[in-house]
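K.L.:
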């Protein structure tokens with residue numbers, strides 16, 4: 005599997021696991037778990053499994069300002 009396939013937002017299932025989402029967003033699992041805990045990242049829980057909808061992935065072009073950076077700003081604003 006190429007690295008492009010690992011990070012391609014249009015490929016794969018509609019709902020992602022935390023690990024899959026972290027890999028696509030190029031963040032650690034712990035960072036994604038913090039976003040989820042703060043409410044900055046909407047999820048659906050199925051028993052012991054947490055799923056994130058693919059629409060939460062923004063195109064890489066938006067990362068100039070950074071969707072992850074915007075999410076991080078939301079998390080930090082919740083702490084204040």
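Numbering (this note's numbering), first residue to last: 5 to 84. Cβ atoms here follow ideal geometry from the backbone N, Cα and C, with glycine treated the same way.
With distance defined between alpha-carbon atoms, name the residue in 52, 50, 51 and 56 nearest to residue 39.
P.N.:
56
K.L.:
Which of helix, strand or coil does DSSP assign to residue 38?
P.N.:
Residue state, collapsed to three classes: helix.
K.L.:
With 16 other CB atoms within 10 Å as the buried threshold, where does residue 26 fall?
P.N.:
buried
K.L.:
What residues match up with residue 61 in a beta bridge as DSSP calls it?
P.N.:
Its beta-bridge partners do not exist; DSSP assigns none.
K.L.:
Whose CA, out of 50, 20, 60 and 21, lies closest to the CA of residue 44?
P.N.:
60
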